[in-house]
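Enquirer: Take a look at the following structure, please.
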Ligand code: SF4
Ligand code: SF4
Ligand code: SF4
């Protein structure tokens, strides 16, 4: 089948696992994750490309969660080893063209490879979006137009591999291969990298990283999922587990979700209406919650439209980003409601809730009017003999008026100062 075979006969022809592992216990199934699923798809792609002419090999170093640094980490660890794997793969399929899509120049590109600089991930791991952007320079996902197993770049038989696939191929070529997964673990203290057997739980991983009792956990990024129970969430070889993030008391879950949904909006190729409109709505809803404009119904809206987007989006990106929003509401509902109902950000992150509220103490104001000239925002209302008032919608909390008042009537309200709702005569409130 293979045109040339090296790297231990292409890792003993992807470990010869055509059939599922004979022992189908949950533990065994988890540990044979790559070989049973992704590895088998890759095997079919290789088989198909090897049997046809004009095969293309694409090494995709851009499809990752924004800011995860996952591919850079792997490249630094083992660029040269990956080069050997890429050469073996190119030989196996008789590749007539090798393309490396990378955010920057790399030193280990296979001989003759064309390096295409792409700054960011095209719709994450959606291969058809990668093909389209390589072909046309435009971001567009066309998963329904591509035929399995290997119709890809310019309609040619294409094998697409990421950095981790190449590294895994190297590991398979060595004796005693056991399936592992490299994971970047982010906690409040920084990031660390671990290589763990698949089947390890997210809980075990976080414990080893010193994050025993996080208030929230996100497996993956914008297409990942928040989980309430990291002990029952087992590391598989899927991209969702490239990174695991533990959140502490200083993190705001509304703010974190709003950032993820903004990424979703930016990353969507906008081809299908459910993802295009849905990512906009999700981004607006969570942004509104961080800005103090959230309503309880917003959470119901996420729970209602999320599954619809997941069911109807054309590709896995749209499906998963909606599921990510839903998982945030499921796992972080209480904190989101604190923003919505109590107008508070428990982590003190959302600036909308930390704005100082300046008020004029009606017991002290003599209606002299000195403060009015000091306010550039024209937020102070008042007239002769009437207690002056600050319009909270116009006030930017700059505090300039405080020093203009000789009566020390302008104060930050901690809840103890009652103010009139309309202009009231001095001494009558
Ligand atoms: S789900 Fe989103 S990313 Fe995928 S094709 Fe539709 S618009 Fe594009
Ligand atoms: S400067 Fe002070 S006393 Fe004079 S109107 Fe303003 S708040 Fe009242
Ligand atoms: S705090 Fe600033 S914006 Fe607000 S009323 Fe005073 S001067 Fe105007």
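Residue numbers (this note's numbering): 3 to 431.
Ideal Cβ positions, reconstructed from N, Cα and C, are used throughout, including at glycine.
Computed from a predicted structure; not experimentally measured.
1. If you follow the beta strand (DSSP E) that residue 120 is in, where does it begin and where does it stop?
2. Which residue spans inside the segment 53-122 form an unbroken alpha helix (DSSP H) run of at least 4?
3. Flag this pair as yes or no: are the beta carbons of residue 247 and residue 220 separated by less than 8 Å?
4. Since I believe residue 325 is in contact with residue 314 (beta carbons under 8 Å), could you give me their beta-carbon distance rounded to a whole number of angstroms?
5. Counting along the chain, where does the beta strand (DSSP E) carrying residue 215 start and finish?
6. Relative to the alpha-carbon of residue 269, which residue among 67, 47, 86, 391 has its alpha-carbon at the smallest distance?
7. Please report how far the alpha carbon of residue 205 lies from the alpha carbon of residue 365, in whole angstroms.
8. Is residue 379 a contact residue of ligand 3, with contact defined as CB to any heavy atom under 7 Å?
9. In this structure, does DSSP put residue 153 in helix, strand or coil?
10. Across which residues does DSSP place residue 221 in a beta bridge pair?
11. Excluding five sequence neighbours on each side, which residues of the same chain lie with their C-beta closer than 6 Å to the C-beta of residue 31?
12. For residue 2, which beta-bridge partners are listed by DSSP?
13. Using 7 Å as the cut-off, classify the Cβ of residue 403 as near or not near the heavy atoms of ligand 3, replying yes or no.
14. List the endpoints of the continuous alpha helix (DSSP H) containing residue 340.
15. Is it right to say residue 280 is buried, meaning 16 or more other beta carbons lie within 10 angstroms of its own, or is it exposed?
16. Measuring straight from C-alpha to C-alpha, what distance separates residue 425 and residue 386?
17. Can you tell me which of the three DSSP states residue 430 falls into?
18. Using a Cβ-based criterion (distance less than 7 Å to any ligand heavy atom), does residue 371 qualify as near ligand 2?
19. Compare the beta carbon distance of residue 94 and residue 132 with 8 Å and say whether it is the shorter of the two.
20. From the DSSP output, in three-state form, read off residue 183 for me.
21. Give every residue of the same chain whose Cβ lies closer than 6 Å to the Cβ of residue 80, excluding the five residues on either side of it in the sequence, and list them in chain order.
22. Let me know the secondary structure DSSP gives residue 234 once reduced to three states.
23. In the DSSP output, what is residue 354 paired with across the bridge?
24. Tell me whether the beta-carbon of residue 187 lies closer than 8 Å to the beta-carbon of residue 211.
25. Could you say which of 130, 47, 242 lies nearest to residue 92 if we only look at CA atoms?
26. Looking at residue 453: is its Cβ nearer than 8 Å to the Cβ of residue 265?
27. Give me the Cα-Cα distance between residue 214 and residue 283, rounded to the nearest whole angstrom.
28. Rounded to a whole number of angstroms, what is the C-alpha to C-alpha distance between residue 185 and residue 406?
29. Apart from the five residues on each side of it in sequence, which residues of its chain come closer than 6 Å, Cβ to Cβ, to residue 154?
30. Report the residue from 202, 165, 189 whose alpha carbon sits nearest the alpha carbon of residue 180.
31. For the alpha helix (DSSP H) that residue 178 lies in, which residues bound it at each end?
32. To the nearest angstrom, how far is the alpha carbon of residue 207 from that of residue 190?
33. When you compare the CB positions of residue 254 and residue 347, do they come within less than 8 Å of one another, or not?
34. Tell me the DSSP secondary structure of residue 192 in three-state form.
35. Report, in whole angstroms, the separation of the C-beta atoms of residue 382 and residue 374, which I expect to be a contact under 8 Å.
36. How many angstroms separate the CA atom of residue 410 from the CA atom of residue 344?
Expert: This is what the structure gives:
1. That residue, residue 120, is in no beta strand (DSSP E); it is neither H nor E in DSSP.
2. 72-95
3. yes
4. That pair is no contact at about 13 Å.
5. Unbroken run through residue 215: none, as it is neither H nor E.
6. 67
7. 57 Å
8. yes
9. strand
10. 227, 246
11. Annotation note: pLDDT 47 at residue 31 (below 50); position unreliable, coordinate value reported separately. Around residue 31: no qualifying Cβ.
12. Look at the range of the chain in this structure, 3 to 431, and you will see that residue 2 is not part of it.
13. yes
14. 318-342
15. buried
16. 11 Å
17. coil
18. yes
19. no
20. strand
21. 169
22. helix
23. DSSP, once it has assigned bridges, lists no residue as partnering residue 354.
24. yes
25. 47
26. Coverage of the chain is limited to positions 3 through 431, which leaves residue 453 absent and any answer about it impossible.
27. 34 Å
28. 57 Å
29. 133, 160
30. 202
31. No alpha helix (DSSP H) contains residue 178, which DSSP labels as neither H nor E.
32. 15 Å
33. yes
34. strand
35. 5 Å
36. 30 Å
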